[in-house]
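Working notes for the structure below.
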Amino acid sequence: MRATSLVKQMLGLRSVTVIEVLVRPHELLVKLRLTRSRLVCPKCSYATRACYDTRTLDSRWRHLDIGTHQTWLSCQLRRLRCPTHGVITEAVPFARPVGESRFTRDFEHLVAWGCAKMTVPNDSDHA
25 MRATSLVKQM LGLRSVTVIE VLVRPHELLV KLRLTRSRLV CPKCSYATRA
75 CYDTRTLDSR WRHLDIGTHQ TWLSCQLRRL RCPTHGVITE AVPFARPVGE
125 SRFTRDFEHL VAWGCAKMTV PNDSDHA
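First residue of the sequence shown: 25, per our numbering; consecutive thereafter.
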């Protein structure tokens, strides 16, 4: 099994191709490419093959850690012209729309679960 295939399977990513995996001290950067040919509006699910342009900078999202390494997903995104929302960055299958969050859904769900399970000390506990 190739390293890129292994990382894709470990992270549970779908509808993407892992292009490159960079291992740095305490950090793992996974460069992705979306596999779908249609661009999808993240707000209304409008889909088109017409690309308005491609963003020059990669977008990055924090994902669940692998061991002691912070994991980041990076992807160059295209923009489309949605009839309802105008020119907008395409949706990705693993995160909310660009600009709303810089974390993957898996990361957000883990944080929300952790917050729900944490106990909050009472003021009387410190007396």
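Cβ coordinates follow ideal geometry from the N, Cα and C atoms, glycine included.
Fair warning: this is a prediction, and the values are worked out from it, not measured in the lab.
Beta carbon of residue i: closer than 8 Å to some heavy atom of the ligand MN?
i, result
"SER83", "For the ligand MN, the structure offers nothing, since it holds no ligand at all."
Where residue i and residue j are concerned, what is the direct C-alpha to C-alpha distance, given to the nearest angstrom?
i, j, result
"ASN146", "TRP137", "21 Å"
"MET142", "VAL135", "11 Å"
"LEU54", "GLN94", "At residue 54 the sequence reads Val, which differs from the Leu that was named. Going from the Cα of VAL54 to the Cα of GLN94 covers about 11 Å."
Buried or exposed for residue i, please, with buried defined as at least 16 other CB atoms from any protein chain shown within 10 angstroms of its CB.
i, result
"VAL42", "buried"
"VAL116", "buried"
"PRO66", "buried"
Taking residue i as the reference, give the member of the options with the closest Cα.
i, options, result
"ARG3", "SER69, ASP82, PRO107, PHE127", "In this structure the chain extends from 25 to 151, so residue 3 is not present and cannot be described."
"LEU97", "ARG79, TRP85, LEU37", "TRP85"
"ARG79", "ARG102, ILE90, VAL144", "ARG102"
"ASP77", "SER69, HIS50, GLY110", "GLY110"
"ARG60", "GLU114, ASP130, CYS68", "GLU114"
"GLY91", "MET25, HIS50, LEU63", "HIS50"
For residue i, which residues of its own chain have a beta-carbon under 6 Å away from its beta-carbon, when the five flanking residues on both sides are left out?
i, result
"ARG105", "TYR76, VAL111"
Hey, which unbroken runs of the alpha helix (DSSP H) at 4 residues or more fall wholly within the region 36-84?
Complete alpha helix (DSSP H) runs here, min 4: none at all.
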